[in-house]
Structure formats: structure tokens, C-alpha cells
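Numbering (this note's numbering), first residue to last: 616 to 1008. Idealized CB from N, CA, C, for every residue including glycine. Treat the numbers as computed from the prediction; the structure is a model and nothing was measured.
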């Protein structure tokens, strides 16, 4: 018997069914059952635990292009979800190779057991390079991921579920991953052999609107000297201004910015009118653009990875960034009092904006970079500099 025969004779215990009816067989890992979502790919070589706990991936099935996922295990520190009352909304994950036993001094749990604990369904044994090429050619498909250790699948129903799922356009997912209660954040970034350090207070009072915020964003705000209070996604401008903040942060998050903007855009407008410095990341960037009169569009394949080059047009600097978004700001729709500040060197899409007459700016990518790189952390100082100037005035 050849190797190919042995492989084909091994029964599939997991399926990935695309909305066009295509069926990809593999081997199940993590939770059992089935889940429907948008299938994207991430090109990062590290940080799979941070990626799998990033609320911005809510409603998505993540394909890792890096073949070795799970070899450093998991731990309680590398989690990005802030709202521990809910999971991050990840629907599933697609891997090329099976998970190996962890070999890292920080590992506390095998990835397979960790996926089970978070109810994330996985499939391995997939030609992820071919799937990635398919997504690049045809755009992000909807699909169903299913895992049954006995290999019993109702293929007709799986195909129907994949075909009937409406997709992320029009979905407000921020409300599902946002905190429901106001709380203060005081944890700083990780130190070697010291873990995460506590911070007490800060020079600048910042209100962070949580649309699916990542922990490392809050840590870097704290590192920069901010005393951060986190408010739910549906907080009103009155709620925000009652804290008398020096600045307002608009967080990352999942779903369609236009859908979340139905209740958040008016709040953002009021904050801008109050003259407060504003800094937005990812979904926060997109909704800021909507509040300023711009438009957002659904991308063909999105940008997901830790190796995306971006040009800062204000300085001429090229930075390698971490990205995770399936929607983008239409730069042509921005009004005259707003200028584009950053642009993707992959496809020319908008990656940043700022108001010409107010201390308001945002970026599409993730300067907190968890997982890395760290090229863009200067943006947190840019925010504190704006608040310093506003306080002085």
C-alpha cells in the first residue's frame, strides 16, 4: 500500500464545507459539533493563541498559513479577550499539520485541550496553501466547519448551512464581544520573568470604548501614562463625558462597521464635537471614518497577518504591521477636512486618517501588535502628545 492509499483510507473526522458546495476533508481537533462562519487566512508565523482570542475574529474560521500551530502550547497570559464572560466568537480554525506536543517553558496546556475548553472546532490535514490560493482568487467564502470523532456527517445539511449563512455584511458583532459593565484597566505590558505588572493611575484620563478590545491595547495605553476606564460599545456620549476624560479611544472589533455604527457613530460625533483627542484602531478607525462622513467597503480577501507593510505618509516611514480586518475605509469618500495618513503597500487600501482641524486620528492596523511586530507603537505616544497639548491649552 502506498502512502497516498494509506492517507485516503483513513476516515475523515472533520469537514470544511464551503458555500459553493466544495468539501474539504481532514482530521478533527478541539471541540466537536459544527459552526458556520467566514473563512479567512492569517499569515502570521507566531502568536496563534493571541489570534484565536482576538475578538475581531468573531464570526470567522481562521486558516493558518504557517504549518506548525500548537508547538508552544497555550497559557493563561497570552489571551487577548478582555470580556471573560464570553468567548472571543471564533467559529473554528484550519491547520495543515496535526498538533504536536508543546515544547515551551511557558506552556500550561496542549492546544487541543485548550480549543476544547473554549469550544473552538478545528480541522487538520488540510492543504492550507491551496485553500489560501482559493481565497485570494475568489474572495473570502462562507463555510461550515464540522468535527465528529466517528466521522458521521449530514453532508446535505452542512452544504445548506454554508450556502444559507448571510455573511458578515450587515452584522453587528461588537455587541456580542463587548464588555457589559464599566471597569478600570490597570495592567501594564509583560516583562521577562515578571509577567504582567500592575499600574496605579496615570497622567491622562482615557475612556476606551470596547467594541471587542484587545488586552495589549489597554496595556500599551497604560504604559504610555493613561488611566484607562473601559466602557461598553453602546455607551452614550453622556456616559463618556461624565468621566471627564482627556481623550477617547475607539477600539478594534468584529463585524460590519456600518452595522455597529448605527448606534456608535452618533456617540463618536458628539465626542469629536466636544473637542477631545480621539484615537481609533481597526473597527474604531472605520467607525471614525463613518462619523466624519466617509464610507466603508467589504474587502475581497481582507488583511490578516503580522507582516503587512504600511507607508506612513506623514513621515515617509514604512512599518511592518499586524492586521486583522475584512472591511476598509474608502479613501475617496473622506471629506476635505480629513486626510489619509497611512496606506497599505500590498494593495493601496486606506490604513490611517486624521482630521486637519482637530486632534483626531486612527489607523486600520494594530499598533499594539500582539502578536508582533512593534514598529507602530509610536502611535500611542502620538495620542498622549495630543492629550498633553489639549491639557496645556
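- Under a 10 Å Cβ-count criterion, residue 663 is classified as buried, with 16 or more other Cβ atoms of the shown protein chains found around its own Cβ.
- About 15 angstroms separates the beta carbons of residue 688 and residue 710, which is beyond the 8 angstroms limit, so they are not a contact pair.
- At least 9 angstroms separates the beta-carbon of residue 722 from that of residue 986.
- Distance from the CA of residue 837 to the CA of residue 743, rounded to the nearest whole angstrom, comes to 38 angstroms.
- Here residue 843 is buried, its C-beta having at least 16 other C-beta atoms within 10 Å.
- DSSP places residue 961 in the coil class of the three-state scheme, outside both helix and strand.
- In this structure residue 772 is exposed. Its beta-carbon is surrounded by fewer than 16 other beta-carbon atoms within 10 angstroms.
- Remark: C-beta atoms of residue 788 and residue 890 do not approach each other more closely than 9 angstroms.
- Scanning the segment 645-678 from its first residue to its last, the whole beta strand (DSSP E) runs of 3-plus residues come out as 648-657.
- For residue 786, the three-state secondary structure derived from DSSP is coil.
- By the CB criterion at 9 angstroms, residue 866 and residue 898 fall inside the cutoff.
- DSSP places residue 992 outside any beta strand (DSSP E), giving it a letter other than H or E.
- With a cutoff of 9 angstroms on beta-carbon distance, residue 694 and residue 678 are scored as not near each other.
- For a cut-off of 8 angstroms, the C-beta gap from residue 686 to residue 717 is around 6 angstroms, short enough to register as a contact.
- Taking 9 angstroms as the cut-off, the beta carbon of residue 822 is found no closer than this to the beta carbon of residue 697.
- Rounded to the nearest whole angstrom, the C-alpha separation of residue 958 and residue 796 is 35 angstroms.
- For residue 684, the closest C-alpha among the options 926, 726 and 778 is that of 726.
- In this structure residue 892 is buried. Its beta-carbon is surrounded by 16 or more other beta-carbon atoms within 10 angstroms.
- Exclusion of the five residues before and after residue 800 leaves 833, 837, 843 and 845 as the residues of its chain whose Cβ lies within less than 7 angstroms of its Cβ.
- Where residue 743 is concerned, the enclosing alpha helix (DSSP H) starts and stops at 743-753.
- Taking 9 angstroms as the cut-off, the Cβ atoms of residue 739 and residue 644 count as close.
- Straight-line measurement puts the Cα of residue 632 at about 27 angstroms from the Cα of residue 943.
- From the listed residues 918, 653, 830 and 949, the smallest Cα separation to residue 805 is found for 830.
- Residue 720 and residue 882 have their C-alpha atoms spaced approximately 45 angstroms apart.
- Separation of residue 785 and residue 809 (C-alpha to C-alpha, rounded to the nearest whole angstrom) is 43 angstroms.
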